[in-house]
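Visitor:
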Amino acid sequence: MTASDGDRAEPPTKTQVIETLRRIDAHCGHEEPARALVLGQSIRLALYLRSPDETEAVARALDICGRLLAASPEFARFHITDFQLL
């Protein structure tokens, strides 16, 4: 996820990202590990998901990221720019 061009506001910390992720995904039973890396105006997430197939895993990851971006104003200025399936 990357902040909009020209955005110079302080990004959230990795702790804020993980805490928000746990809060927004608690009702889905997301207990798999997650890692966050904040570099400048970029947030990188590593989500370890259990899904029956790749398509569902990608859909679930995009849903989680979308809900994270909608969770609070500090994330609203970011948008999903890419993802990799490992």
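Here this note's numbering is used: the first residue of the sequence shown is -7, the next is one more, and so on.
Even glycine gets a Cβ: it sits at the ideal position worked out from N, Cα and C.
Which residues share a DSSP beta bridge with I96?
Guide: Nothing can be reported for residue 96, as the shown portion of the chain is limited to -7 through 78.
Visitor: So, using beta-carbon positions, are P4 and A(-5) closer together than 8 Å?
Guide: For the purposes of this step, residue 4 is identified with residue 12 of the sequence shown, where counting begins at 1. For the purposes of this step, residue -5 is identified with residue 3 of the sequence shown, where counting begins at 1. Not closer than 8 Å, so no.
Visitor: How would you label L77, buried or exposed, when you count the other beta carbons within 10 angstroms and need 16 or more for buried?
Guide: To locate residue 77, count along the sequence shown from 1; it is residue 85. Flag for L77 reads exposed.
Visitor: Taking C-beta to C-beta, are L41 and A53 nearer than 8 Å?
Guide: Locating residue 41 in the sequence shown gives position 49, counting from the first residue. Locating residue 53 in the sequence shown gives position 61, counting from the first residue. In contact: L41 and A53 (Cβ atoms closer than 8 Å).
Visitor: Assuming L60 is part of the alpha helix (DSSP H), what are its boundary residues?
Guide: Residue numbering aside, residue 60 sits at position 68 when the sequence shown is read from its first letter. L60 -> alpha helix (DSSP H) spans 46 to 62.
Visitor: In whole angstroms, what separates the C-alpha of D17 from that of G(-2)?
Guide: Reading the sequence shown from its first residue, position 25 is the one you call residue 17. Reading the sequence shown from its first residue, position 6 is the one you call residue -2. Their Cα atoms are separated by approximately 30 Å.
Visitor: What does the Cβ neighbour count give for F70, buried or exposed, with the cut at 16 atoms within 10 Å?
Guide: Position 78 of the sequence shown holds residue 70. F70 comes out buried.
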